[in-house]
Structures are given as C-alpha cells and as structure tokens.
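Undergrad:
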Amino acid sequence: MHCLVRCTRASRLAATLLRAAWAAAALAALPAAAQDGQAALQRFEYVQVHMGVDFRLLFYAPDATSANRAAEAAFARVAELDAMMSDYEPESELMQLCATAGKGRAVPVSADLWRVLTHAQQLAEATDGAFDVSVGPFVRLWRQSRRQRKLPSPQLLEQARQAVGYQHVRLLPESRSVELTQPAMQLDLGGIAMGYAADAALQELREQGMPRALVDASGDIVVGDPPPDAAGWRIGVAPLDADQPPSRFLLLAHAAVTTSGDAFQHVEIGGQRYSHIIDPATGLGLTQPRSVTVIAPDGTTADSLATALCVLGPERGMEFIGKVPGAQALFIWRDGEQVCSRETPGFSARELPAGGEE
Ligand code: AMP
Ligand code: MG
68 MHCLVRCTRA SRLAATLLRA AWAAAALAAL PAAAQDGQAA LQRFEYVQVH
118 MGVDFRLLFY APDATSANRA AEAAFARVAE LDAMMSDYEP ESELMQLCAT
168 AGKGRAVPVS ADLWRVLTHA QQLAEATDGA FDVSVGPFVR LWRQSRRQRK
218 LPSPQLLEQA RQAVGYQHVR LLPESRSVEL TQPAMQLDLG GIAMGYAADA
268 ALQELREQGM PRALVDASGD IVVGDPPPDA AGWRIGVAPL DADQPPSRFL
318 LLAHAAVTTS GDAFQHVEIG GQRYSHIIDP ATGLGLTQPR SVTVIAPDGT
368 TADSLATALC VLGPERGMEF IGKVPGAQAL FIWRDGEQVC SRETPGFSAR
418 ELPAGGEE
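Position one of the sequence shown corresponds to residue 68 (my numbering), numbered consecutively onward.
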C-alpha cells in the first residue's frame, strides 16, 4: 500500500538554506521486499531538495547498487533543469533569456526550455491568459507584499503590467529561439517547471531500468508502471485545509496528479488572504480559497493545468477542462462556512472506494 499526501511546499529561500543540510542525507535508501515475477524487487525511496521543494523518488529495483545509480541519474537530471529554469539564479538559461527582454532580438534556447515554453504558451492561448508564465513582475510584487505585509501601489502594479502578457513572448520554431518583446519582462516557470522536472525524472528512472516508479515533486506527482504487487500507486488527494489528512485516494499508473491552491502559500493583508497564484487580470494573488486537483497523462500538463484552473475558478474551469482530452479535475472551494466541490466524471473513476482500499 502506498500513500502519498501533498507535502508542504517550502519557501524557496528556506529551501535554499536547507539545501546544504539535505545534501548529506541525499542518497539514503529504504528497501522493502517485493516480488516481480521471478525476480525479487525491493522498494527504494530517496529525497533531495531541488527547485526549492522536496523531490521524492519511490521505485522498485533488484538491488541497492542499481537503485542508487538510478536515483543519482534522476536527481542529476532534475538539478540540470533547476539550473536551467530557476528565476533565482542570475546565470540560469531562463534569466539569461530575460536579460534580453525588449532588446529586439531572439535567443536560441535548449530543447527543455523550448518544450516548457511551447506548452506554457499553448495553455496561455487556450485559457485567454489565465495561465501566463510572463507574470514574473507580478510575482515579484507579491513576494514584496509578503515581506512587507502591504499591497503594491497602483503605480507599481501598472508599471509591472507593462512587462506582463503572454502575447509578448514570441516563439520562433524554425530557429528554436525566443524573443521577449517588452523591456523588463520576467518569466516565471513556477507553475509548470516542477511537473516537467518530475516527468524528466520518471523518464530517467525508466531509462535506468526502473519503470515501476513514482516521482513526487512536493505535490506534483507522476507515476510509471505500478508496484509489483498492485494495480497502481495509491495517492491521497490534498484537502482544502493544509492540516487535514486526505479523505479521498486515487489509484494511478502511467499518469500524473497535481494539486494547486493557496493552502500552503498565501499572505494575509488587511484581513484578506492572497494566494501565490496570480490572477493576471488584476496582478494580485487570488483571494478565493480554493484548491484544484488535476489528473493528466503527464506532469507538465497536470502542473500547468492545476495552476490555470485555480485562476479560472470552478465555473469557467469546469467548462475548460471538459475540452482537454485525458484530463480530469476536482475543484474544492469555500463559500462562507461551507466547503463546496465539483469534479469531472472521470475523476471519481480513478478513485479507490471509501476507506481507500484497493
Ligand atoms: P503552482 O503551485 O503549480 O500552482 O504554481 C504557482 C506558481 O506559479 C507561483 O508561485 C508562480 O511562480 C507561478 N504563477 C503564479 N500565477 C501564475 C499564473 N497565473 N500563470 C502561470 N504561473 C503562475
Ligand atoms: Mg502548477
């Protein structure tokens, strides 16, 4: 039986401070016996901090040596993507691209960054900009608000708005290059990069001969083949309140599941709660307490969709998700004292019966 609950997303700053301490404990394995046909497989679990959150690998391998090698390769792949897509590291490929904003030139990018930006731009167009990786300037104002417990002034918001808009991100497929057409643009891949990295880690484990695997990037979860003794991986659905245990469980194989919402990251100003997810229409964090869980074929899709659906809300979000092939969603939100929910029919089809037993 495998139970995963969405973990707290540590603040990136805190996580950076923790990084050194985690490095030493990085490759501690927890074996547990399991059978796979004739070959005996053991269960291994590894945790490292990447992209400011815990990345957890859970997979079945014949022995500790091959498991360690596979985990090391998967973490190395995630570290590579972190170095590429971080908006904290001035040297990252993403930041180098942002440094060219408004300079009238396109920059060739890596295959990974290209795939992430292509996916992000398609979703931005489909959601009319509800999902928009160019919200970086708004995110920076939100972080400042969190530190100062004060909303940004209308002038600062207006200034940031000049540098936000997915229409200002030009993708040029022939040369696989990107142009940011407005000065001071800042891309923020926080709503999609972890899902992409989880996909990449799962792929790496598969290439290393470990297809029975689960990768959990602190709530962005992707799974490959099921454990040897089960039809799927048992995954707890994050409830609206961060301190409550899950009451619903999914059974998944070859799929991804992500929850987005303000349960773990928000700031309270003047009695109002503002989520770390920005409504690009206002430039401010969402104010309605809501969480969205998405099941999709891959982590990149699940991660970005969950963020997008949070912005769209239950009404528009349910309409939108109905048109996305292979994706399911559960919306939970608070209306006064009442907790309400809506979900697509296929969501409960992936659910274990009450009690969570297979
Ligand atoms: P997630 O936790 O996956 O929902 O992603 C939230 C993160 O995505 C935030 O911390 C920002 O870095 C980024 N973000 C915030 N608002 C948006 C938005 N409207 N579209 C795309 N990314 C966003
Ligand atoms: Mg997301």
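For every residue, glycine included, the Cβ atom is placed at its ideal position computed from N, Cα and C.
From a predicted model like this one, the values you see are computed outputs, not experimental measurements.
Please name the residue in R228, E139, G389, P420 whose C-alpha comes closest to that of M277.
TA: Position 210 of the sequence shown, counting from 1, holds the residue named residue 277. That would be E139, whose Cα lies nearest to the Cα of M277.
Undergrad: For R340, does the three-state DSSP call read helix, strand or coil?
TA: Locating residue 340 in the sequence shown gives position 273, counting from the first residue. The answer is strand: DSSP assigns R340 an E or B state.
Undergrad: Put H186 into one of helix, strand or coil per three-state DSSP.
TA: On the sequence shown, position 119 is the one that residue 186 refers to. In the three-state scheme derived from DSSP, where H, G and I count as helix and E and B as strand, H186 is classed as helix.
Undergrad: What whole-angstrom Cβ distance do V176 and E158 have, given they're in contact under 8 Å?
TA: Numbered from its first residue, the sequence shown carries residue 176 at position 109. Numbered from its first residue, the sequence shown carries residue 158 at position 91. Rounded, the Cβ-Cβ distance is 15 Å, inconsistent with contact.
Undergrad: Quick check for students: name the residue ranges of the beta strand (DSSP E) that lie wholly in the stretch 101-140, counting only runs of 3 or more.
TA: 106-117, 120-128
Undergrad: Does the distance from the C-beta atom of G328 to that of R315 stay below 9 Å?
TA: Sequence index remark: in the sequence shown, residue 328 carries index 261 (1-based). Sequence index remark: in the sequence shown, residue 315 carries index 248 (1-based). Not a contact, by the Cβ cut-off of 9 Å.
Undergrad: DSSP three-state call for A91: helix, strand or coil?
TA: Counting from one through the sequence shown, the residue named residue 91 turns up at place 24. For A91, the predicted model reports a pLDDT of 26, less than 50, meaning its position is unreliable; a value from the coordinates is still stated below. DSSP places A91 in helix when its eight states are reduced to three.
Undergrad: For P240, does the three-state DSSP call read helix, strand or coil?
TA: In the sequence shown, counting from the first residue as 1, residue 240 sits at position 173. P240: helix per DSSP, three-state reduction.
Undergrad: Buried or exposed: which applies to R214, given that a residue is buried once 16 or more other Cβ atoms fall within 10 Å of its Cβ?
TA: Translated into the one-based positions of the sequence shown, residue 214 becomes position 147. So R214 ends up on the exposed side.
Undergrad: What whole-angstrom Cβ distance do P204 and A173 have, given they're in contact under 8 Å?
TA: What you label residue 204 is simply residue 137 of the sequence shown in a count that begins at 1. What you label residue 173 is simply residue 106 of the sequence shown in a count that begins at 1. The Cβ separation is near 21 Å, so there is no contact.
Undergrad: Is it the case that the Cβ atoms of G352 and V231 are separated by a distance below 9 Å?
TA: Here residue 352 refers to the residue found at position 285 when the sequence shown is read from its first residue. Here residue 231 refers to the residue found at position 164 when the sequence shown is read from its first residue. Against a cut-off of 9 Å, the Cβ pair of V231 and G352 comes out as no contact.
Undergrad: Assuming G366 contacts G258 (C-beta within less than 8 Å), just tell me the rounded distance between them.
TA: Residue numbering aside, residue 366 sits at position 299 when the sequence shown is read from its first letter. Residue numbering aside, residue 258 sits at position 191 when the sequence shown is read from its first letter. 12 Å between Cβ atoms; not a contact.
Undergrad: Below 9 Å between beta carbons: does that hold for T194 and F387?
TA: On the sequence shown, position 127 is the one that residue 194 refers to. On the sequence shown, position 320 is the one that residue 387 refers to. Against a cut-off of 9 Å, the Cβ pair of F387 and T194 comes out as a contact.
Undergrad: Within the same chain, show all residues whose beta-carbon is closer than 8 Å to that of I336, passing over the 5 residues directly before and after it, in chain order.
TA: Position 269 of the sequence shown holds residue 336. Counting only Cβ-Cβ distances below 8 Å, and skipping sequence neighbours, we find S212, R216, K217, L218.
Undergrad: If you reduce the DSSP assignment to three classes, tell me which class A227 lands in.
TA: Residue 227 sits at position 160 when you count from the first residue of the sequence shown. In the structure shown, A227 adopts helical secondary structure according to DSSP, grouped into three states.
Undergrad: Given a threshold of 16 other Cβ atoms within 10 Å of its Cβ, counted over all protein chains shown, does G299 qualify as buried or as exposed?
TA: For the purposes of this step, residue 299 is identified with residue 232 of the sequence shown, where counting begins at 1. Per the 10 Å Cβ criterion, buried.
Undergrad: If contacts are defined as beta-carbon pairs under 8 Å, then V361 and L372 qualify, I think. What distance do you get, rounded to the angstrom?
TA: Within the sequence shown, residue 361 is the residue found at index 294, counting from 1. Within the sequence shown, residue 372 is the residue found at index 305, counting from 1. Their Cβ separation, rounded to whole angstroms, is 5 Å, which keeps V361 and L372 in contact under 8 Å.
Undergrad: Mark S242 as exposed unless 16 or more other C-beta atoms lie within 10 angstroms of its C-beta, in which case mark it buried.
TA: The residue labelled residue 242 in the question sits at position 175 within the sequence shown. Exposed, by the Cβ-count rule.
Undergrad: Is M162 near ligand 2, with its Cβ less than 8 Å from a heavy atom?
TA: On the sequence shown, position 95 is the one that residue 162 refers to. No, the Cβ of M162 stays beyond 8 Å of every heavy atom of ligand 2.
Undergrad: So what does G303 bridge to, in DSSP terms?
TA: Along the sequence shown, read from residue 1 onward, the residue named residue 303 stands at position 236. Paired residue(s): F316.
Undergrad: Out of I344, S201, V324, P221, which has the shortest C-alpha to C-alpha gap to Q395?
TA: Counting from 1 along the sequence shown, the entry for residue 395 is found at position 328. Among I344, S201, V324, P221, the Cα nearest to that of Q395 is on V324.
Undergrad: Shortest alpha-carbon distance to A264 belongs to which of P306, L281, D149, D296?
TA: On the sequence shown, position 197 is the one that residue 264 refers to. When only C-alpha atoms are compared, the closest one is D149.
Undergrad: Taking the alpha carbon of R279 as the reference point, which residue from V406, L319, E404 has its own alpha carbon closest?
TA: For the purposes of this step, residue 279 is taken as residue 212 along the sequence shown, with counting starting at 1. Residue L319 is the option with its Cα nearest to R279.
Undergrad: In whole angstroms, what separates the C-alpha of V202 from that of D255?
TA: The count along the sequence shown starts at 1 and reaches residue 202 at position 135. The count along the sequence shown starts at 1 and reaches residue 255 at position 188. Distance between the alpha carbons of V202 and D255: 7 Å.
Undergrad: Quick check: V289 and A369, are their CB atoms within less than 9 Å of each other?
TA: Counting from 1 along the sequence shown, the entry for residue 289 is found at position 222. Counting from 1 along the sequence shown, the entry for residue 369 is found at position 302. Against a cut-off of 9 Å, the Cβ pair of A369 and V289 comes out as a contact.
Undergrad: Would DSSP call F414 helix, strand or coil?
TA: The sequence position of residue 414 within the sequence shown is 347, counting from 1. Reduced to three states, the DSSP call for F414 is helix.
Undergrad: In this structure, what does DSSP give as the bridge partners for H333?
TA: Here residue 333 refers to the residue found at position 266 when the sequence shown is read from its first residue. Answer by DSSP bridge pairing, in chain order: S342.
Undergrad: Could you check whether the Cβ of A131 sits closer than 8 Å to any heavy atom belonging to ligand 1?
TA: To locate residue 131, count along the sequence shown from 1; it is residue 64. A131 Cβ: outside cutoff for every heavy atom of ligand 1.
Undergrad: DSSP three-state call for A96: helix, strand or coil?
TA: For this step, residue 96 is matched to residue 29 along the sequence shown. Residue placement at A96 is poorly supported in this model, since its pLDDT is 39, which falls under 50; the coordinates still yield a value, given next. Coil, per DSSP.
Undergrad: Just to confirm the assignment, what range does the alpha helix (DSSP H) spanning D266 have?
TA: Residue 266 sits at position 199 when you count from the first residue of the sequence shown. Here the alpha helix (DSSP H) through D266 covers 260-274.
Undergrad: Is A375 near ligand 1, judged by its Cβ being under 8 Å from some heavy atom?
TA: Walking along the sequence shown from the start, residue 375 turns up at place 308. At least one heavy atom of ligand 1 is nearer than 8 Å to the Cβ of A375, so yes.
Undergrad: To which residues of the same chain is L223 closer than 8 Å at the C-beta, ignoring the five residues directly before and after it?
TA: The sequence position of residue 223 within the sequence shown is 156, counting from 1. So the list reads L208, once near-sequence residues are dropped.
Undergrad: Over what stretch of residues does the alpha helix (DSSP H) that includes F387 continue unbroken?
TA: In the sequence shown, counting from the first residue as 1, residue 387 sits at position 320. Start and end: 366-388.
Undergrad: Is it buried or exposed for P420, if we count other Cβ within 10 angstroms and need 16 for buried?
TA: Working through the sequence shown from its first residue, we reach residue 420 at position 353. By the neighbour-count rule (16 or more Cβ atoms within 10 Å), P420 is not buried but exposed.
Undergrad: Excluding sequence positions up to five away, which residues of its chain have a Cβ less than 6 Å from the Cβ of A99?
TA: Position 32 of the sequence shown, counted from the start, is the residue given in the question as residue 99. Here the model assigns A99 a pLDDT of 46, short of 50, so the residue's position is not dependable and the matter cannot be decided.
Undergrad: Quick one: measure Cβ to Cβ for T167 and L238, integer angstroms, because I've assumed they're closer than 8 Å.
TA: By one-based count along the sequence shown, residue 167 stands at place 100. By one-based count along the sequence shown, residue 238 stands at place 171. Cβ atoms of T167 and L238 stay farther apart than 8 Å, at about 14 Å.
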